[in-house]
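Colleague:
Protein chains: 2
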Amino acid sequence: MSYITDYIEKNKQRFLDELFALIRIPSISSQTEHKPDMLKAAEYWKKTLLDAGADKAEIFTTTGNPIVYGEKTVDTSLPTILVYGHYDVMPVDPENQWVSAPFEPVIRDGKIYARGADDDKGQSFIHAKAFELMVQTGTLPCNVKFMLEGEEEIGSSSLKTWCADNKELLNSDVIIVSDTSMIAEDVPSITTGLRGISCLEVEVSGPSYDLHSGIYGGAVANPVNILCKMIASLHDENGKVKVKGFYDEVEIVSNEERRELAKAPFSLEEYKKSLNINEVWGETGYTTTERTGIRPALDVNGIWGGYTGEGSKTIIPAKAFAKISMRLVPNQDYTKIAELFKAHFESLAPAYVRVKVTPLHGGQGYVSPIDSPAYKAAQRAVKESFGVAPVPFRSGGSIPIISTFEQVLGAKSILMGFGLESDAIHSPNENFPLSNFYKGIETVPLFYKYFVEEYSKKQS
Amino acid sequence: MSYITDYIEKNKQRFLDELFALIRIPSISSQTEHKPDMLKAAEYWKKTLLDAGADKAEIFTTTGNPIVYGEKTVDTSLPTILVYGHYDVMPVDPENQWVSAPFEPVIRDGKIYARGADDDKGQSFIHAKAFELMVQTGTLPCNVKFMLEGEEEIGSSSLKTWCADNKELLNSDVIIVSDTSMIAEDVPSITTGLRGISCLEVEVSGPSYDLHSGIYGGAVANPVNILCKMIASLHDENGKVKVKGFYDEVEIVSNEERRELAKAPFSLEEYKKSLNINEVWGETGYTTTERTGIRPALDVNGIWGGYTGEGSKTIIPAKAFAKISMRLVPNQDYTKIAELFKAHFESLAPAYVRVKVTPLHGGQGYVSPIDSPAYKAAQRAVKESFGVAPVPFRSGGSIPIISTFEQVLGAKSILMGFGLESDAIHSPNENFPLSNFYKGIETVPLFYKYFVEEYSKKQS
Chain A
1 MSYITDYIEK NKQRFLDELF ALIRIPSISS QTEHKPDMLK AAEYWKKTLL DAGADKAEIF
61 TTTGNPIVYG EKTVDTSLPT ILVYGHYDVM PVDPENQWVS APFEPVIRDG KIYARGADDD
121 KGQSFIHAKA FELMVQTGTL PCNVKFMLEG EEEIGSSSLK TWCADNKELL NSDVIIVSDT
181 SMIAEDVPSI TTGLRGISCL EVEVSGPSYD LHSGIYGGAV ANPVNILCKM IASLHDENGK
241 VKVKGFYDEV EIVSNEERRE LAKAPFSLEE YKKSLNINEV WGETGYTTTE RTGIRPALDV
301 NGIWGGYTGE GSKTIIPAKA FAKISMRLVP NQDYTKIAEL FKAHFESLAP AYVRVKVTPL
361 HGGQGYVSPI DSPAYKAAQR AVKESFGVAP VPFRSGGSIP IISTFEQVLG AKSILMGFGL
421 ESDAIHSPNE NFPLSNFYKG IETVPLFYKY FVEEYSKKQS
Chain B
1001 MSYITDYIEK NKQRFLDELF ALIRIPSISS QTEHKPDMLK AAEYWKKTLL DAGADKAEIF
1061 TTTGNPIVYG EKTVDTSLPT ILVYGHYDVM PVDPENQWVS APFEPVIRDG KIYARGADDD
1121 KGQSFIHAKA FELMVQTGTL PCNVKFMLEG EEEIGSSSLK TWCADNKELL NSDVIIVSDT
1181 SMIAEDVPSI TTGLRGISCL EVEVSGPSYD LHSGIYGGAV ANPVNILCKM IASLHDENGK
1241 VKVKGFYDEV EIVSNEERRE LAKAPFSLEE YKKSLNINEV WGETGYTTTE RTGIRPALDV
1301 NGIWGGYTGE GSKTIIPAKA FAKISMRLVP NQDYTKIAEL FKAHFESLAP AYVRVKVTPL
1361 HGGQGYVSPI DSPAYKAAQR AVKESFGVAP VPFRSGGSIP IISTFEQVLG AKSILMGFGL
1421 ESDAIHSPNE NFPLSNFYKG IETVPLFYKY FVEEYSKKQS
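As given, the protein sequences belong to chains A and B, one line each in that order.
Take the first sequence: its position 120, counted from the start at 1, is 120 in our numbering, and no numbers get skipped.
Take the second sequence: its position 38, counted from the start at 1, is 1038 in our numbering, and no numbers get skipped.
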C-alpha cells in the first residue's frame, strides 16, 4: 500500500524524534521518586493522540498512576478497535552495565538503545503513529479507542478498577496490544497464549533456634533437608507436577492446534547452546515449545536457609525458605491453584517441622482463538508487511491484565508484538530494531483495514 | 582430702582474681586486631606456671599464635601427665546482647559472666591452680607438662605442626583436657567420645544466567529443584545416610558399652520441649543419645540460590548452592568420607546440570576407652568431689586436635570437662558456675593421685 509507506518515508525522522521525547521521560513505576514523571508521560500521550487526530483525549487520575484515554469515532455502525499500551518502564539497575544512558536514546547498529525502547514505549508508539497516518491520509476504516496505563510493570491494579468502572466507555470489538515478541525478524509470529501465574513463599520451621550440628546432628530433623525433600516430591519421574488436582482443569489442546503450533521454527541444538545446557528437561510427551506454551510448570525461584557465608558454620538451621511459582495454562485458576498448592504442601510436612505457605501474587492465563476475524486480520497484515505468514505462538510468559480485559470488558485481545527476544527488555541495554518500529507502523493500518473486512465477512 | 579443700578455701579469692586477670585479655584468635593480646595471654600463662612452681616455662613462637609450654619433673620413674588447654576465645558479637561487658568478668547468681569464663580460660585455669596446690602442699605425685595454644577456635593448625616437631618434649602417659561439658552439676559425666567432621560445599549449575521462568519454565531443568532432589536422596526412609560406603568403617559399639552409655540420664520430653519440636528424628534402631553419640550424621548447614528478597522474581536460577557437613564416628576417616561424598554427589547429577563439590575443613573423631587407668582415675576423682559417680558420655561435637594428639603423640586424652551445656560458650553472656571452678580445682589433684595408683596397678 504505497500511501502507507509514502507517509512513513516522509515522516520517518519526526516519528523517531517524537518517540525519543517520550523515552526521555524516566517513568519508572516502581520508584516513588519518579511519580512526577508518570504524569509527564501521560500528558505526552494525551498530546500525541490529540495531535494525531483524536476527537478527544483525557487523563484519568487514579489512586495510582494516571490512565490516558483517547478516541476517534468515524461511524458508530463500524467496528471499534481498542488499543492498549503502557507508558511505565522497569528500573534501570544495574545502571553501570548500560553502554549508553538508559533515558538518552541512541541508535547503534540499526537499533534504538534505551529503557522503554521496546517495552512498551516503542511498541505502543507504533499505534499512535499508525493512527496519525490513517487519520491524515483519510484511511481510518473504523472507530478507535486508546488506553495507556502507568502500572503495567507493578501489577496494573489501578487499570483493573478503572476498566470495571468504565465498561461502557471501553466498549470495543477487539483489543490490540503490542507488548510481546515475535520469534525472529524473518519468522514473524503472533502470540496466541500467555500462561497464568501463581507465586507462593514457603517456610519450614524446626527447632526454635539454630542448633549445634555436632550436639544435635542425627537426632533432630533438619528443616533444610526436609524442605529439600518436600520440594523434590513436587515432580514425578515424568516431570509432571504432583500437587494434587494441579492438572484437573488444564485445557487439552487439540492435535490440530498442536500441529499448527509446531510450525513455529525451533532448533533444539541452538536452544541448548544459547542457554549453555547439555539437555533440556520437562514433562514427558511434549516438545520443548509445548512445555512452555501449552503446559503448566512449577519452579523454585529462590531458596535460602542456614549459613551461607564463607567457610563453614556447622548448624542445623532453625528455618528454611523457598519461593515457588507455577506457570498456568488456560482454565487453571490461579487462586484455586494457590489453594491446591498450599493444601498439598502442608500435607507433605512431617511431624518434625511446622510449615507455613504464603500466597504472593498471581494472574490468570490467556488464550486467543486463531479463527477470529481479528486474528485473521493480524495474520494478513503481518504477512503483507513482513513478507512471511506469521506463526501462532503460545508464550510461556504472563501478562495478567489481558485476562482481566476478557473478564471485565468481554473482549479478546490480539497480541501483535513487534519486539524480539534479543531486545533485553527489563535488562540493561534494552533495545528495539528501527526496522521493527517502522514495520510496525506499516502493519497496523493493514490490520485495521483487514479487521474491518474480516469483521463484516463474519457479520454477513 | 582436707589439704585440698583447706588450700582452696584459703586462696579462693586470689584464684578468682588471677582468673579474672586472664579473662580481661581479649585474646580473640579470629580477629587480627587482637594479635598483641595473644602474646599477652601467653605471657600471663608462662608467669602463672612459673609462680605455681613449674621447673621451667617458655613461649614458643609459631607462624600463628604462640604456644606456652611448662613442666615440672618430680621423678623420671613416675608417670607424666600432659595438660592441654587454650587461651584463645571466640568473638563476642552480637556484643549488644551481653548483659555485662564480655571482657570485664562479673559474678551474678554464683556464675562468672565473661567471654572465656568457661571456654577455655576458666576450665584450663583450674589445672594451673590445682598444679599450684599440689606443688605448694608437697603432694604432686607425678611429673606434669602443660601446653596451651592460642588457635583452638580457628583450627589449631600451629599446634599440629608444633606437636609433630616436639614429640620428645611432649612425651607423656596421658593427656588431660578440660574443654567439654558435663550433663548437669548433679549428673557429672566424662566425655568418652567426640565425633569427627567433614564439611563440603556443593554447587549445581544449569543455564549460564537466570532465566525468565515464564519463557523457560517447564522446559529447562531448574538447578534449585535438582539440588533439592539430590539432597533429598542423601537419606533413606530409615534416616540412614545413602552416601556410598559411608558406613563401611563405622565403629560397632558393643551392647555392653551401649548399656553403659544408656545410664546417662535423658528425658525425651524435656529435650523436645527445650528445642520446641514435636518429634525427634534419626536413624532407626538407635536412641536420641546414640544418634549423636555413636552414629554418624549428615546435615545441610546452609542452602541458597535464586531470588531471596521481598515479593517475587520469577526466574529459573542459574545456580544453587549448599553447605553440607557430616559428623563422623571413630574409624571413619574424614578425608576418605569427603572423597566418598564427592564421588557420590557427583554421581547423582543428572545430565541437565553440572555439579561441583568442594571439601572445606574436617577433623577425625575420637574415642576414649573406659577401662584405662586414666579413665578410672577420672571416674574416682569426680565421684569423690561431686559425690556422684560420673557417667561416660559420647558427645556429638568435634575437637579435631584430640585425635591429632593420639596420632602424633601416641597418647590418649581424658576429657574431664567441668562446663555445663547452659554456659553459653561461643554465645553472648558466656558463663561458668563458681562452684564448678572450685570443684574442678578440687577434682584435679584427686585425678593425679588416683592416676598414679591406677597406673602402677596396671604396671604391676
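Even for Gly, the Cβ is constructed at its ideal location relative to N, Cα and C.
Can you have a look at B:Gly-1365 and say buried or exposed, based on whether 16 or more other CB atoms are within 10 angstroms of its CB?
Modeller: Taking the first residue of the second sequence as 1, we reach residue 1365 of chain B at position 365. When all chains shown are included, B:Gly-1365 counts as buried.
Colleague: Which residues in chain A have a C-beta closer than 7 Å to the C-beta of B:Arg-1291? List them in chain order.
Modeller: The residue you call residue 1291 of chain B lines up with position 291 of the second sequence. By Cβ distance, chain A contributes Gly-218 and Ala-219.
Colleague: For B:His-1086, which residues in chain A fall below 9 Å Cβ to Cβ?
Modeller: Counting from 1 along the second sequence, the entry for residue 1086 of chain B is found at position 86. Per Cβ cutoff of 9 Å: no residues; B:His-1086 is ~18 Å from chain A at best.
Colleague: Going by Cα to Cα distance, which pick from A:Ala-424, A:Pro-433 and A:Tyr-247 is closest to A:Val-92?
Modeller: To locate residue 92 of chain A, count along the first sequence from 1; it is residue 92. Among A:Ala-424, A:Pro-433 and A:Tyr-247, the Cα nearest to that of A:Val-92 belongs to A:Ala-424.
Colleague: Do B:Leu-984 and B:Ala-1389 have their C-beta atoms within less than 8 Å of each other?
Modeller: Lying before the first or after the last residue shown, residue 984 of chain B is absent from chain B, which here runs from 1001 to 1460.
Colleague: Would you say A:Tyr-334 lies against chain B (beta-carbon separation less than 8 Å)?
Modeller: Mapped onto the first sequence, residue 334 of chain A falls at position 334. Judged by the 8 Å Cβ criterion, A:Tyr-334 is not in contact with chain B.
Colleague: Residues in the same chain with beta-carbon distance under 6 Å from B:Asn-1238, minus the five sequence neighbours each way, listed in chain order, please.
Modeller: Residue 1238 of chain B sits at position 238 when you count from the first residue of the second sequence. Counting only Cβ-Cβ distances below 6 Å, and skipping sequence neighbours, we find Thr-1284.
Colleague: Tell me the residue span of the beta strand (DSSP E) that contains A:Leu-360.
Modeller: The residue you call residue 360 of chain A lines up with position 360 of the first sequence. That run of the beta strand (DSSP E) goes 354-363.
Colleague: CA-CA distance, A:Phe-451 and A:Ile-183?
Modeller: Taking the first sequence and counting its residues from 1, the one referred to as residue 451 of chain A is at position 451. Taking the first sequence and counting its residues from 1, the one referred to as residue 183 of chain A is at position 183. Cα to Cα, the separation comes out at about 23 Å.
Colleague: Using a Cβ-Cβ cut-off of less than 8 Å, give me the residues of the region 1312-1329 of chain B that come near chain A, in sequence order.
Modeller: Within the region 1312-1329 of chain B, the residues whose Cβ lies closer than 8 Å to some Cβ of chain A are Ser-1312, Lys-1313, Thr-1314, Ile-1315, Ile-1316, Pro-1317, Ala-1320, Phe-1321, Ala-1322, Lys-1323, Ser-1325 and Arg-1327, listed in chain order.
Colleague: In the DSSP assignment, find the unbroken alpha helix (DSSP H) run with A:Asn-436 in it and report its ends.
Modeller: Residue numbering aside, residue 436 of chain A sits at position 436 when the first sequence is read from its first letter. Per DSSP, A:Asn-436 belongs to the alpha helix (DSSP H) from 434-459.
Colleague: For the region 1269-1292 of chain B, list every residue whose C-beta sits within 7 Å of some C-beta in chain A, in sequence order.
Modeller: Of all residues in the region 1269-1292 of chain B, Leu-1275, Asn-1276, Ile-1277, Asn-1278, Glu-1279, Val-1280, Trp-1281, Gly-1282, Glu-1283, Thr-1288, Arg-1291 and Thr-1292 have a Cβ within less than 7 Å of some Cβ in chain A.
Colleague: Would you call B:Thr-1358 buried or exposed, if buried means 16 or more other Cβ atoms sit within 10 Å of its Cβ?
Modeller: Taking the first residue of the second sequence as position 1, residue 1358 of chain B is located at position 358. It is exposed - the Cβ of B:Thr-1358 has fewer than 16 other Cβ atoms within 10 Å.
Colleague: Can you tell me the Cα-Cα spacing of A:Asn-301 and A:Asn-225, whole angstroms?
Modeller: Translated into positions along the first sequence, residue 301 of chain A becomes position 301. Translated into positions along the first sequence, residue 225 of chain A becomes position 225. Cα-Cα distance, rounded: 18 Å.
Colleague: Between the region 1138-1149 of chain B and the region 1052-1067 of chain B, can you find at least three pairs of beta-carbon atoms closer than 8 Å?
Modeller: Yes, they touch.
Colleague: Pair every Cβ in the region 1291-1308 of chain B with every Cβ in the region 232-248 of chain A, then say whether three or more of these pairs are closer than 8 Å.
Modeller: No: fewer than three Cβ pairs fall under 8 Å.
Colleague: Can you round the beta-carbon distance between A:Ser-198 and A:Gly-362 to whole angstroms, since I take them to be within the 8 Å contact cut?
Modeller: As a position in the first sequence, residue 198 of chain A is number 198, starting the count at 1. As a position in the first sequence, residue 362 of chain A is number 362, starting the count at 1. Right, their Cβ atoms sit about 4 Å apart.
Colleague: Output the boundary residues of the alpha helix (DSSP H) element that contains A:Trp-162.
Modeller: Locating residue 162 of chain A in the first sequence gives position 162, where the first residue counts as 1. 157-165 is the span of the alpha helix (DSSP H), which, as asked, contains A:Trp-162.
Colleague: Would a check of beta-carbon distances place A:Val-391 closer than 8 Å to chain B?
Modeller: Counting from 1 along the first sequence, the entry for residue 391 of chain A is found at position 391. Taking Cβ atoms only, chain B never reaches closer than 8 Å to A:Val-391, which makes this a no.
Colleague: Run through chain B and tell me which residues come within less than 7 Å of A:Val-224, C-beta to C-beta.
Modeller: Position 224 of the first sequence holds residue 224 of chain A. Neighbours of A:Val-224 on chain B, chain order: Val-1300 and Ile-1303.
Colleague: Start and end of the alpha helix (DSSP H) containing B:Gly-1311?
Modeller: Numbered from 1 along the second sequence, position 311 holds the residue referred to as residue 1311 of chain B. B:Gly-1311 -> no alpha helix (DSSP H), and no H or E assigned at all.
Colleague: Give me the Cα-Cα distance between B:His-1212 and A:Pro-428, rounded to the nearest whole angstrom.
Modeller: Position 212 of the second sequence, counting from 1, holds the residue named residue 1212 of chain B. Position 428 of the first sequence, counting from 1, holds the residue named residue 428 of chain A. Using only the alpha carbons, I get a separation of about 15 Å.
Colleague: For A:Ile-197, go through chain B and note every residue whose CB falls closer than 8 Å to its CB, in chain order.
Modeller: Taking the first sequence and counting its residues from 1, the one referred to as residue 197 of chain A is at position 197. Gly-1214 and Thr-1314, listed in chain order.
Colleague: Going along chain A, which residues have a C-beta under 7 Å from B:Leu-1360?
Modeller: As a first step, residue 1360 of chain B must be located in the second sequence, where it is residue number 360. Within 7 Å Cβ-Cβ: Gly-311 and Ser-312.
Colleague: For B:Ile-1025 and B:Lys-1457, I'd like the C-alpha separation in whole angstroms.
Modeller: Stepping through the second sequence from its first residue, residue 1025 of chain B is reached at position 25. Stepping through the second sequence from its first residue, residue 1457 of chain B is reached at position 457. Taking the straight line joining both Cα atoms gives about 43 Å.
Colleague: Can you say whether B:Asn-1276 is buried or exposed, counting buried as having 16 or more other CB atoms within 10 angstroms of its CB?
Modeller: What you label residue 1276 of chain B is simply residue 276 of the second sequence in a count that begins at 1. Result: exposed.
Colleague: Where do the ends of the beta strand (DSSP E) carrying B:Gly-974 lie?
Modeller: No answer is possible for residue 974 of chain B: it lies beyond the span of chain B, which begins at 1001 and ends at 1460.
Colleague: Let's test the definition: count the other Cβ atoms within 10 Å of the Cβ of A:His-426 and tell me whether it reaches 16, buried, or not, exposed.
Modeller: To locate residue 426 of chain A, count along the first sequence from 1; it is residue 426. Answer is exposed; the Cβ neighbour count stays below 16.
Colleague: In chain order, what residues of the same chain have a beta carbon less than 6 Å from the beta carbon of A:Asp-120, not counting five sequence neighbours either side?
Modeller: Here residue 120 of chain A refers to the residue found at position 120 when the first sequence is read from its first residue. Closer than 6 Å at the Cβ level, and outside the excluded window around A:Asp-120, lie Gly-85, His-86 and Asp-179.
Colleague: If we ignore side chains and look at the alpha-carbon of each, how far apart do A:Glu-279 and B:Leu-1348 end up?
Modeller: Taking the first residue of the first sequence as position 1, residue 279 of chain A is located at position 279. Taking the first residue of the second sequence as position 1, residue 1348 of chain B is located at position 348. About 15 Å.
Colleague: Which bits of chain E does A:Pro-207 rub up against, with CB to CB less than 7 Å?
Modeller: The structure shown contains no chain E; its protein chains are A and B.
Colleague: Can you grab the Cα-Cα spacing for the pair B:Gln-1123 / B:Val-1391, in whole Å?
Modeller: Here residue 1123 of chain B refers to the residue found at position 123 of the second sequence. Here residue 1391 of chain B refers to the residue found at position 391 of the second sequence. Whole-angstrom Cα-Cα distance: 19 Å.
Colleague: Since A:Gly-397 meets chain B, which of its residues come closer than 7 Å, beta carbon to beta carbon?
Modeller: Here the question's residue 397 of chain A lines up with position 397 in the first sequence. Residues of chain B passing the Cβ test: His-1212, Gly-1214 and Ile-1215.
Colleague: Check distances from the C-beta atoms of the region 1432-1448 of chain B to those of chain A and list, in chain order, the residues that come in under 7 Å.
Modeller: Within the region 1432-1448 of chain B, no residue qualifies.
Colleague: Can you check which of these residues, A:Ile-316, A:Asp-186, A:Gln-332 and A:Asn-331, is closest to B:Gly-1325 by C-alpha distance?
Modeller: Within the second sequence, numbered from 1, the residue matching residue 1325 of chain B stands at position 325. Per the sequence shown, residue 1325 of chain B should be read as Ser rather than Gly. Of the candidates A:Ile-316, A:Asp-186, A:Gln-332 and A:Asn-331, the one whose C-alpha sits nearest the C-alpha of B:Ser-1325 is A:Ile-316.
Colleague: Apart from the five residues on each side of it in sequence, which residues of its chain come closer than 6 Å, Cβ to Cβ, to A:Thr-289?
Modeller: Indexing the first sequence from 1 puts residue 289 of chain A at position 289. Contacts found: Phe-266.
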